[in-house]
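A.B. asks: Numbering (the working numbering), first residue to last: -18 to 552.
Where a beta carbon is used, it is the ideal one built from N, C-alpha and C, also for glycine.
Since we're looking at a predicted model, the values are computed, not measured.
First the structure, which I've put down as structure tokens, then a few questions once you've had a look.
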Amino acid sequence: MSLLVVGLSHRSAPVSVLERASLNADAKAKLLHDTLAAEPAAEATVLATCNRIELYADVDKFHAGVSELSTLLAQHSGVALEELTPYLYVHYEDRAVHHLFSVACGLDSMVVGEGQILGQIKDALALGQELHTAGRLINDLFQQALRVGKRAHSETGIDRAGQSLVTFGLEQLAVHLPVREWAVGKRALVLGAGSMSSLAAATLARVGFAEIAVANRTAERAERLAEILVASGTGVAARAVAMSAVADELTRVDVVVSCTGATGLVLSADDVAAAVSVAVSRDSAAHAPAGLDDRGSAPDPAPQTPAGLNSAGAGLVDAGVVARLVAAADGGRRRLADAGAVRVLAAVPEGDGCPVGDGRAAIAGVDASSLELHGTWADQGEAAAQRQPRRGVRAQVDGVAVRLALLDLAMPRDIDAAVHRIPGVRLVDIESLAEASADAPMAADVDAVRGIVAEEVAAFGAAQRAAHITPTVVALRAMAAEVVAMEVARLDGRVPDLDERQRAEVTQTVRRVVDKLLHAPTVRVKQLASEPGGAGYAEALRELFDLDPQTVASVSRADAADQNDDSGRAS
């Protein structure tokens, strides 16, 4: 076995690199075909998810294999090799097996213990089988990885150590509330209808969302997913919407979950800002007090606290100015950032040139031109704030009323990262999930799973080494059977008077003698070959008995053909 893995994941590379290095379906197929066309690789498959891209191959030369696989990953991912190299990791033979088994158990996932990776491993195996790039080693390895992952989830409490990426993302959106409590009565928009989006939609329905709209480029798939949700028995109201209606849906929903597989942004910051602006205006109009004052006139509408300001923050500024800021955003200027300027005032040191003084009480009563200058100054303050770590910036909006919550599970991302600067918007994406999961507590069951992985790696290595000598043992027994047949034929010529019963008895006796002579050596050589360093026993057996290499090779080819037939039927 010469298994080689070259890849990168959320543990080795920043999200920005993973995002650029993602592979679509065509790129995966071309990568596998080119890998087999390369000299060092005999079989291969690729495991590509939101958080990792790994190329698995059976190679005959380690250094040549690493060089070739790294180059192919760079070519097909679109990231230059010199830029990709610092983030690549390499695993070989038993370490490669250990890595895949750990991945299958969820130990290497962004959320430890999540089970979705098993489906992705199954897809990787199916792709290799479909393209005929997966041979005996890849089939054995990935089939065993699936069994190991299932064993880890059934025999331990690894599920308690983590959950699906969707559930973890919803927990981050809900902040300090239980997800089920936070979800009650909410409306959601799901962008995409693939496996991850379907999982997201099912999770939303299960935790108690009241309504789910599904948008997808292929309308039939969106309609099918909506039908499944309605039939799920959760009581959710689900419907399909056209992609052209997404902008309108954004103004109605509370939560958006996106995972479309698109190569560019699906939602821009302008899209989200416009939707929040419309939603805020509609909410303000709906809550405006009715009736006449003592002069017989309709009273001025009570200023509403816009999304993005809590009750404490609203007391820092004049309510009329806030109302004018919202009105300016609604009037087509799209300067929703002006409203956000109020949010960052406290983070900007005093005396840095703001035209309206200290940015707090002094903002009340300023004229329009000064207010516009203030907006420019605040934007500069926002830019300065963005130069600080993202975790610090997000902490400033914790507890602020959220008008629209966004969960971006796509790689590359579907939603512009700049939306987190829009007041009333909370964004959780792959990068922020990685930050949050780094602080998540590890379950005690993780140690038990590591024990299972170590045990299964040893068993897999022993089985592979034993299987490596099997063709030699089969060839030895075939040679022995041929010798028996030749000697029985010679006996017939020398003693032609033997009847059928006698001839059969002699033949059986000779075969028993040969079998007994070969039994102990062949059993022992399999045991020795299964141990580390036992690969040389097959060669020794071939030399001792002068076996024909072509006979051994033909047995190996026949076994490989049988293995491929079986793997095509495996679940």
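M392: which of H(-9), R187, V92 sits nearest, CA to CA?
C.D. replies: H(-9)
A.B. asks: If you check the beta carbons only, do V438 and V93 fall under 9 Å apart?
C.D. replies: No, the Cβ-Cβ distance between V438 and V93 is not below 9 Å.
A.B. asks: Note down the Cα distance separating G432 from D89, rounded to an integer number of angstroms.
C.D. replies: 15 Å
A.B. asks: Quick check: the Cα distance between G109 and S83, rounded to an integer number of angstroms?
C.D. replies: 20 Å
A.B. asks: What would DSSP say about D7, mapped onto helix, strand or coil?
C.D. replies: helix
A.B. asks: In angstroms, rounded to a whole number, what distance separates the CA positions of K507 and T52?
C.D. replies: 38 Å
A.B. asks: Let's see if you can read the secondary structure: which residues bound the beta strand (DSSP E) around L81?
C.D. replies: Per DSSP, L81 belongs to no beta strand (DSSP E); it is in the alpha helix (DSSP H), 75 to 85.
A.B. asks: For the beta strand (DSSP E) that contains R33, what are its first and last residues?
C.D. replies: 33 to 40
A.B. asks: With a floor of 3 residues, list each beta strand (DSSP E) that falls wholly inside the stretch 195 to 276, ordered by position along the chain.
C.D. replies: 218 to 222, 236 to 239
A.B. asks: According to DSSP, A22 sits in a beta bridge with which residue or residues?
C.D. replies: V40
A.B. asks: Return the chain-ordered ranges of every alpha helix (DSSP H) run that is complete within the stretch 113 to 165 and spans a minimum of 4 residues.
C.D. replies: 117 to 136, 139 to 142, 146 to 155, 160 to 164
A.B. asks: Could you tell me the distance, in whole angstroms, from the CA atom of H500 to the CA atom of R132?
C.D. replies: 35 Å
A.B. asks: Could you spell out where the alpha helix (DSSP H) holding G593 opens and where it closes?
C.D. replies: Since the displayed the chain opens at -18 and closes at 552, residue 593 lies outside it and no answer follows.
A.B. asks: Which word fits H401, buried or exposed, when buried means at least 16 other C-beta atoms lie within 10 angstroms of its C-beta?
C.D. replies: buried
A.B. asks: Straight-line CA distance for A18 to T114?
C.D. replies: 10 Å
A.B. asks: Just to confirm my understanding: we take L170, look at its own chain, exclude 5 residues before and 5 after, and list those with CB closer than 6 Å. What are they?
C.D. replies: A194, E230, V234, V237
A.B. asks: Where V227 and A196 are concerned, what is the direct C-alpha to C-alpha distance, given to the nearest angstrom?
C.D. replies: Pairing V227 with A196, the inter-Cα distance amounts to about 7 Å.
A.B. asks: Is the stretch 53 to 71 touching the stretch -1 to 7 in the sense that three or more CB pairs, one from each, lie closer than 8 Å?
C.D. replies: Contact between the stretch -1 to 7 and the stretch 53 to 71 is present, with at least three C-beta pairs closer than 8 Å.
A.B. asks: Is the separation between the beta-carbon of F149 and that of E95 shorter than 9 Å?
C.D. replies: yes
A.B. asks: DSSP three-state label for A440, please.
C.D. replies: In the structure shown, A440 sits in a helix (DSSP, three-state: H, G or I).
A.B. asks: Are I102 and A77 closer than 9 Å when you measure CB to CB?
C.D. replies: No; because the gap between Cβ atoms is not below 9 Å, this pair is not in contact.
A.B. asks: May I ask you to list the residues that DSSP assigns as paired with R492?
C.D. replies: According to DSSP, R492 bridges with nothing at all.
A.B. asks: So, do the stretch 443 to 463 and the stretch 484 to 504 have three or more beta carbon pairs nearer to each other than 8 Å?
C.D. replies: Between the stretch 443 to 463 and the stretch 484 to 504 there are three or more inter-stretch CB-CB distances shorter than 8 Å, so the stretches are counted as touching.
A.B. asks: Just the C-alpha distance for R263 and L385, rounded to the nearest angstrom, thanks.
C.D. replies: 14 Å
A.B. asks: With burial defined as no fewer than 16 other Cβ atoms inside 10 Å of the residue's Cβ, what is the status of N120: buried or exposed?
C.D. replies: Classification of N120: buried, given that the 10 Å Cβ count is 16 or more.
A.B. asks: Relative to the alpha-carbon of A203, which residue among S213, F190, A182, A164 has its alpha-carbon at the smallest distance?
C.D. replies: A182
A.B. asks: Let me check one thing: in DSSP terms, what residues is Y70 bridge-paired to?
C.D. replies: G(-12)
A.B. asks: So if DSSP puts D389 in a beta bridge, which residue, or which two residues, is it bridged to?
C.D. replies: S239
A.B. asks: So, with DSSP's three-state summary, where would you put L472?
C.D. replies: helix
A.B. asks: State buried or exposed for G474, treating a residue as buried only when at least 16 other CB atoms are found within 10 Å of its CB.
C.D. replies: exposed
A.B. asks: Could you tell me the distance, in whole angstroms, from the CA atom of S58 to the CA atom of S178?
C.D. replies: 23 Å
A.B. asks: Under the rule that 16 or more other beta-carbon atoms within 10 Å means buried, what is E49, buried or exposed?
C.D. replies: buried
A.B. asks: Tell me the DSSP bridge mates of V27?
C.D. replies: Paired residues: L36.
A.B. asks: According to DSSP, is R168 part of a helix, a strand, or is it coil?
C.D. replies: strand
A.B. asks: Once DSSP output is grouped into helix, strand and coil, what is the label at L13?
C.D. replies: Helix at L13.
A.B. asks: Output yes or no for whether 9 Å exceeds the beta carbon distance between H80 and L(-15).
C.D. replies: no
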